[in-house]
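Q: Residues in the sequence shown are numbered from 1377 upward in steps of one, following my numbering.
Just so it is clear, CB atoms sit at the ideal spot from N, CA and C, and this is done for glycine as well.
Predicted model, so just to flag it, every value in this text is computed and none were measured.
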Amino acid sequence: MKFNRDLEVRVMSQQENPIVFISYSQDSLSFADQVLSFANKLRREGIDAILDQYEEAPSEGWPRWMENSINRADYVIVIGSKGYYDKIYGNVELGKGRGVKWEGNLIYQKLYMSDTMNNKYIPVVFDESDLQK
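Right, here's the structure in full:
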């Protein structure tokens, strides 16, 4: 099923100033640009989008920044791609994809602790072909 980004933006916009953390894999520069455009659209709609591309180097370090950002977010948008899947499941060489591995494990743990009850994590796929590469 393809995600309707406009519908999701309208739904989240009904909540006053929701905070959204965006988890994704930097598979390519063009994909990272798509994610940035999506985050910018959310911000234009009044949604406080948290994205690593808006940060230079957080003083608390990336792992703590990711955890703090996920914890303070009302929603976490997980942008699915083949690269995200491969990194989460360890199908890449050692040392690659540390950020998305960390975020994925934090998300898994939070879902586990909530008995898989989910009203926070929203999976998004920009293009179904992103999952089949």
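Considering just the uninterrupted stretch of the alpha helix (DSSP H) at A1425, what are its terminal residues?
A: Here residue 1425 corresponds to residue number 49 of the sequence shown, with the count starting at 1. A1425 -> not in any alpha helix (DSSP H); beta strand (DSSP E) instead, spanning 1424 to 1426.
Q: Where do the ends of the alpha helix (DSSP H) carrying S1399 lie?
A: Position 23 of the sequence shown holds residue 1399. S1399 -> not in any alpha helix (DSSP H); beta strand (DSSP E) instead, spanning 1395 to 1399.
Q: Apart from the five residues on each side of it in sequence, which residues of its chain come closer than 8 Å, Cβ to Cβ, to K1472?
A: Within the sequence shown, the letter at position 96 stands for residue 1472. Result list for K1472: K1463, in chain order.
Q: I'd like to know if the segment 1416 to 1427 and the segment 1465 to 1484 are in contact, where contact means that at least 3 CB-CB pairs between them fall below 8 Å.
A: Taking 8 Å as the limit for Cβ pairs, the verdict is that the segment 1465 to 1484 does not touch the segment 1416 to 1427.
Q: Within its chain, find whatever has a CB closer than 6 Å to the CB of F1379; leave out the 5 residues flanking it on each side and keep chain order.
A: Counted from its first residue, the sequence shown places residue 1379 at position 3. Residue confidence is low: F1379 scores 49 on pLDDT, short of 50, so the model does not pin down where it sits. No coordinate-derived value is stated.
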